[in-house]
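Residue numbers (this note's numbering): 8 to 121.
For reference, the structure discussed in these notes is given below.
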Amino acid sequence: MAEIKQEPISKTKLNYIRRERTKEMRQQMVSFGLMIFLTFVAFGLVAMDMDPSFVIPIVIGMAFLQVILQFYYFMHMKDKGHEYIKLMMLTGMFFALAFVTTFIYIVWIGAPIQ
């Protein structure tokens, strides 16, 4: 088997790595707590049996915020080296939005062909 050669890490570098990892873990925990809170708020709004024209945009907005938090913190899109992946995800979102918009127009908004 190949042997793993480890270089000794200085105490300063080790402390820096620990601080950075602690900071990242704290950010992830805060983000996770916020997403759980948003989920409870969405369930609460639906359970209160409020007007759907008021609840639906709020729930969709909170869902969009959760997607952004997922990408940014849990999929590490904030880190360097993810530019190509970001480009592909934005391209996919563009086509998805174009598809949904076209579908809505054809089914509900567009005039029927005579």
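Glycine included, every Cβ here is placed at the ideal spot set by N, Cα and C.
With DSSP as the reference, label residue i as helix, strand or coil.
i: GLN77; result: helix
i: GLN13; result: coil
i: MET82; result: coil
i: GLY99; result: helix
i: LYS93; result: helix
To the nearest angstrom, how far is the alpha carbon of residue i from that of residue j?
i: LEU21; j: PHE110; result: 54 Å
i: ILE67; j: VAL74; result: 11 Å
i: MET95; j: LEU72; result: 20 Å
i: PHE61; j: SER38; result: 26 Å
i: LYS87; j: MET57; result: 43 Å
i: VAL48; j: VAL114; result: 32 Å
i: THR7; j: VAL53; result: Any answer about residue 7 is impossible in this case: the structure gives the chain only from 8 up to 121.
i: MET100; j: VAL107; result: 10 Å
i: ASP31; j: ARG25; result: Checking the sequence shown, residue 31 turns out to be Glu, not Asp. Cα-Cα distance, rounded: 10 Å.
i: ILE16; j: PRO64; result: 51 Å
i: LEU97; j: MET55; result: 35 Å
i: ALA70; j: THR29; result: 27 Å
i: ILE11; j: GLU27; result: 25 Å
By the DSSP assignment, the alpha helix (DSSP H) with residue i in it spans what residues?
i: VAL114; result: Where VAL114 is concerned, there is no enclosing alpha helix (DSSP H), given that its DSSP letter is neither H nor E.
With a cut-off of 8 Å on the beta carbons, I'd call residue i and residue j a contact; round off their distance for me.
i: MET84; j: LYS93; result: 6 Å
i: GLN35; j: TYR80; result: 5 Å
i: LEU76; j: LEU41; result: 7 Å
Inset, instruction - Jot down the residue ranges of each uninterrupted alpha helix (DSSP H) in the segment 8 to 74, minimum 4 residues, whole runs only, in chain order. - result: Restricting attention to alpha helix (DSSP H) runs no shorter than 4 residues, the segment 8 to 74 encloses them at 18 to 54, ordered along the chain.
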